[in-house]
Each structure stands twice: as C-alpha cells, then as structure tokens.
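First up is the structure itself, then whatever we jot down about it.
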Amino acid sequence: MPKLSVIDHIHVWVKDRAASAVWYQRTLGLSPDPRFAAWAQAPSGPLTLFNSGNTVHLALFEKVDAAPSHSVIAFSVGGADFLAWIDKLAGERVLATDGRYLARDCIVDHKLAWSFYFVDPDGNPFEITSYDYSWLAAKLR
C-alpha cells in the first residue's frame, strides 16, 4: 500500500484572509509561508500559514458566500506514492470532489505542487499533494 507521509495542511474558510492571517499570527504564531505567496495573489487561492518549526500548515481560503464551509485535510506524499495513491483510489472507485470517479485526469497542477481531491463515503473531503513537482511533471506528460 502507498504511504501517507504527513498531514500537509488543513483548509480553513475565513471571511477575510488578511485579517485572519493577523489573528493566526498574533494568537497561534502562524506566519504566511513565502514559498506559496504566489497562490495567495489569486482571489480563490490559499494564503498558506506555517509555524516556526514548519510542522503546522493552514491554508486560508476566503469564503465568498453564505454556504456552509467544510475543512479539507490534505496529506503530503512523495512523487511515487502520489501516483500509487491515485491509481489505488481509482481502483477502489473513490469519488473525486466533483462527483466523477477519481482518475489521473483529476490531478491538478498547482505549478509548485500536484494534488487531487476526493471524498470519503460520507462526503468528507480530502486532498493528496506532492511537492515532487518536476519528477511528477515528467511522469504525467
């Protein structure tokens, strides 16, 4: 079975990413992660926060409507395990978050990382991400 390395980050839905980042920094000591600053430039992208030990990561997404929000748990894996996971979950006929069966065409290129998104049988969302970007880019082309 492929390995899950660590919980990479958790999605948190907020009214105002900038104001929330100030609160998280003051209250929990979490700072914006400069490695992912480009993602925060997009209105729909996350503002990624991390602790000084680089062991806690939150991805702040701005909530744009009154719909209920949910948290997403994201696991980090190496490139080979990333491919093994998507193939295993596709073989299990796991649903992607968009309602299709998970397959390699569900992989999202974030330009710094590769991810895919799926739900458990109760609809709880998950993400598997790999930062082995160049290695996976060669394998996925």
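Just so it is clear: in the sequence shown, position 41 is 42 by the working numbering, and no numbers are missing.
All C-beta atoms, glycine included, are put in the ideal place defined by N, C-alpha and C.
Fair warning: this is a prediction, and the values are worked out from it, not measured in the lab.
CB contact flag (residue i, residue j, <8 Å)
i, j, result
"residue 59", "residue 109", "no"
"residue 7", "residue 77", "yes"
"residue 34", "residue 62", "no"
"residue 136", "residue 80", "yes"
"residue 140", "residue 3", "no"
Counted within 10 angstroms of its Cβ, other Cβ atoms place residue i as buried (16 or more) or exposed
i, result
"residue 18", "buried"
"residue 82", "buried"
"residue 44", "exposed"
"residue 25", "buried"
"residue 28", "exposed"
"residue 48", "buried"
"residue 114", "buried"
"residue 128", "buried"
Selected residue, minimal CA-CA separation from residue i, among the options
i, options, result
"residue 73", "106, 34, 31 and 124", "124"
"residue 121", "97, 3, 106 and 135", "97"
"residue 70", "126, 138 and 139", "126"
"residue 56", "10, 128 and 134", "10"
Where residue i sits in the DSSP three-state scheme
i, result
"residue 98", "coil"
"residue 3", "coil"
"residue 106", "helix"
Start-to-end residues for the beta strand (DSSP E) that takes in residue i
i, result
"residue 116", "115-120"
"residue 49", "48-51"
"residue 130", "126-131"
"residue 77", "74-77"
Endpoints, the alpha helix (DSSP H) within which residue i is located
i, result
"residue 137", "134-141"
"residue 41", "38-42"
"residue 1", "Residue 1 lies beyond the residue range present for the chain, which begins at 2 and ends at 142; the question has no answer from this structure."
"residue 21", "18-29"
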